[in-house]
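Peer 1:
Numbering (our numbering), first residue to last: 131 to 463.
1. Whose C-alpha, out of 343, 348, 372, 346, is nearest the C-alpha of residue 357?
2. Would you identify the three-state DSSP class for residue 324, choosing helix, strand or coil?
3. Determine which residues share a DSSP beta bridge with residue 339 and list them.
4. Rounded to the nearest angstrom, what separates residue 327 and residue 274 at their Cα positions?
5. Which residue comes first and which comes last in the beta strand (DSSP E) that contains residue 405?
6. Beta strand (DSSP E) containing residue 352: first to last residue?
7. Tell me whether the beta-carbon of residue 297 lies closer than 9 Å to the beta-carbon of residue 248.
8. Scan the segment 208-273 and note each continuous alpha helix (DSSP H) run of 4 residues or more that stays entirely inside, going in chain order.
9. For residue 185, does the three-state DSSP call read helix, strand or coil?
10. For residue 422, which beta-bridge partners are listed by DSSP?
11. Nearest by alpha-carbon distance to residue 302: which of 268, 392, 257, 208 is it?
12. Going by the CB atoms, is the gap between residue 425 and residue 402 shorter than 9 Å?
13. Taking the alpha carbon of residue 452 as the reference point, which residue from 350, 270, 280, 184 has its own alpha carbon closest?
14. Ends of the alpha helix (DSSP H) at residue 442?
15. Counting only the same chain and skipping the five closest in sequence on each side, list residues whose C-beta sits under 7 Å from that of residue 467.
16. Starting from residue 206, follow its DSSP beta bridges and name the residues at the other end.
17. Below 8 Å, how does it come out for the segment 148-156 and the segment 171-184: are there three or more Cβ pairs, yes or no?
18. I think residue 341 touches residue 376, with their Cβ atoms under 8 Å apart; what is that distance to the nearest whole Å?
19. Give the secondary structure of residue 463 by DSSP, where H, G and I count as helix, E and B as strand, and everything else as coil.
20. Specify, as a first and last residue, the run of the alpha helix (DSSP H) that residue 146 falls within.
21. Could you check which residue in 353, 339, 206, 352 has the C-alpha nearest to that of residue 363?
22. What's the C-alpha gap between residue 295 and residue 266?
23. I need the DSSP call for residue 372, collapsed to helix, strand or coil.
24. State buried or exposed for residue 290, treating a residue as buried only when at least 16 other CB atoms are found within 10 Å of its CB.
25. What residue from 150, 189, 139 has the CA that sits closest to residue 163's CA?
Quick look at the structure:
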């Protein structure tokens with residue numbers, strides 16, 4: 131991993147934000163892309179939010195990108211372009227939680243504070259036999275205390291990296307390598323045959339399903355898009371005009387006609403065709419979209435918040451829209 135051993139707080143911060151909810155293989159490409167486009171925090175702060183969102187396109191959890199841009203500006207304006215140098219001060223930055231603050235503080239400044247990511251939680255839970263749910267405030271405190279008790283105060287950077295790597299390569303979530311694990315002899319979970327049941331999670335947020343029609347309008351001027359401004363999924367990104375419905379009805383054509391009227395307030399819109407259902411699983415929502423090709427009898431009124439474009443690469447769109455426009459009928463689960 132290219133960020134290992136790096137002592138630049140900007141690069142460590144960037145890598146940690148990108149790797150939240152992202153696989154290392156995927157995150158590495160984005161890490162390099164961000165450093166090419168924004169080699170310093172001043173470059174990132176100088177960029178527009180649209181530029182940052184466009185580069186982030188495909189990573190999901192777009193609030194991370196917005197927080198990244200906000201925090202870059204905060205550091206440039208209020209910290210003279212220099213990262214805070216303590217765990218407590220780092221926590222004051224938007225989008226920086228205890229894990230990211232601990233990572234920067236220990237890896238860059240060698241502050242003796244333990245990191246606590248999923249890998250560390252798994253190692254501690256199994257080795258110490260901790261069956262308290264880690265996703266409760268009480269459980270989180272227990273794991274934080276244990277991690278800091280075990281921390282090598284002289285070499286916090288090396289210790290934190292080692293335990294994270296150990297969890298990722300040996301004490302894995304599924305099929306851990308207990309037979310070659312050097313800690314197995316003293317591992318409570320291994321000796322009590324509880325490896326598969328630890329760590330314990332209490333709260334599982336129920337996923338809800340949402341249903342949309344997206345309207346594909348294209349003519350000589352280009353394709354019609356709009357920017358999402360609500361505090362909802364895909365905030366700040368661009369999309370085809372979208373209408374949410376409670377669910378899809380048996381008489382889909384009649385439902386599409388009603389959705390067209392609700393969206394455009396026009397009676398003489400030509401409904402040409404519609405796609406199959408595209409699906410995408412977000413963190414706590416399952417998105418369903420049917421794309422509808424339509425033709426308008428006249429251009430949009432100037433008052434409507436739509437934009438024509440012939441170059442979609444200038445805009446950040448959610449992945450499900452990109453797949454549709456590329457003709458790829460994939461289900462993103």
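The C-beta atom is built at its ideal place from N, Cα and C for all residues, glycine as well. Please read these numbers as outputs of a predicted model, since none were measured by experiment.
Peer 2: Working from what's here:
1. 372
2. coil
3. 416
4. 20 Å
5. 400-411
6. 352-357
7. yes
8. 217-220, 228-239, 248-258
9. helix
10. 345, 404
11. By alpha-carbon distance to residue 302, the top candidate from 268, 392, 257, 208 is 257.
12. yes
13. 184
14. From DSSP, residue 442 is part of no alpha helix (DSSP H); its letter is neither H nor E.
15. This structure does not reach residue 467, given that the chain is present from 131 up to 463, and the question cannot be answered.
16. Answer is none; residue 206 lacks a bridge partner.
17. no
18. 7 Å
19. Only weak support is given to the placement of residue 463: the predicted model assigns it a pLDDT of 43, under 50, and the question is left unresolved by the model.
20. 139-149
21. Nearest option by C-alpha distance: 339.
22. 25 Å
23. strand
24. buried
25. Ranking the options by Cα distance to residue 163, first place goes to 189.
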